[in-house]
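Trainee: Quick note on numbering: the sequence shown equals residues 0 to 153 in numbering that gives the first Met the number 0. Note that beta-carbon positions come from the ideal geometry of N, C-alpha and C, so glycine has one too. Small disclaimer: the values here were computed from a predicted structure and weren't measured.
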Amino acid sequence: MKELDKRICSVCGKEYQLTEKQKKEIMEEAKYKTENFILTCPLCHSLDFVNPLEMLGLSTKKKSEIVDNRLFCCPVEGCIGFVEEDEDIKGLYGCSECGTEWKSINAIYRDIEKIISKYPYREEVYKKSGNAFKSVPFDKIPKGYYSKVQKEDV
Ligand SMILES: [Zn+2]
Ligand SMILES: [Zn+2]
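Written out as structure tokens, the structure reads:
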């Protein structure tokens, strides 16, 4: 097992020292085989998405084998999750963070339209093309996007 010590923030790219509390949380999450966990970077105060198993060198999957099913940032107010297509049912989409389900891609587009008209800054993560939307690459999501979403009053 790797020793937990420092972490390079996925948002600002700077190295920060993990606190004892964060180390404990990561160990705890790894016990439950959690692959997604959120730390807060003390340098840029952004949410830093980490994989506890990988941080501890316990991940059994190689990077290339991890399928990224994420399609969009979740268009639900106050939600920092992602819309993913159901692994078993094609054409069914959901966000595991808030539990919303969409039965078609058009239903997602409609919710994206709605959230952008309510919160215009949300446009930074969705690119419109015709009647459809595409996500910006997930590593290009602007700094501060998630904290703005968290401040939306639900
Ligand atoms: Zn940072
Ligand atoms: Zn959601």
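Classify S45: buried if its beta carbon has 16 or more other beta carbons within 10 angstroms, exposed otherwise.
Mentor: Residue 45 sits at position 46 when you count from the first residue of the sequence shown. Buried is the call here.
Trainee: Is any heavy atom of ligand 2 found at a distance shorter than 7 Å from the C-beta of G80?
Mentor: For the purposes of this step, residue 80 is taken as residue 81 along the sequence shown, with counting starting at 1. Flag set: Cβ of G80 near ligand 2.
Trainee: With distances taken Cα to Cα, identify the nearest neighbour of V148 among E34, I37, C78 and T33.
Mentor: Translated into the one-based positions of the sequence shown, residue 148 becomes position 149. Minimum Cα distance to V148 is reached at C78.
Trainee: Less than 7 Å between the CB of V10 and some heavy atom of ligand 1, yes or no?
Mentor: Locating residue 10 in the sequence shown gives position 11, counting from the first residue. Yes, ligand 1 has a heavy atom inside 7 Å of this Cβ.
Trainee: Can you check which of these residues, D47, K89 and E96, is closest to Q7 by C-alpha distance?
Mentor: One-based indexing of the sequence shown puts residue 7 at position 8. Before going further, note that residue 7 is Ile rather than Gln in the sequence given. With distances taken between Cα atoms, I7 lies closest to D47.
Trainee: Is any heavy atom of ligand 1 found at a distance shorter than 7 Å from the C-beta of L42?
Mentor: Numbered from its first residue, the sequence shown carries residue 42 at position 43. Flag set: Cβ of L42 near ligand 1.
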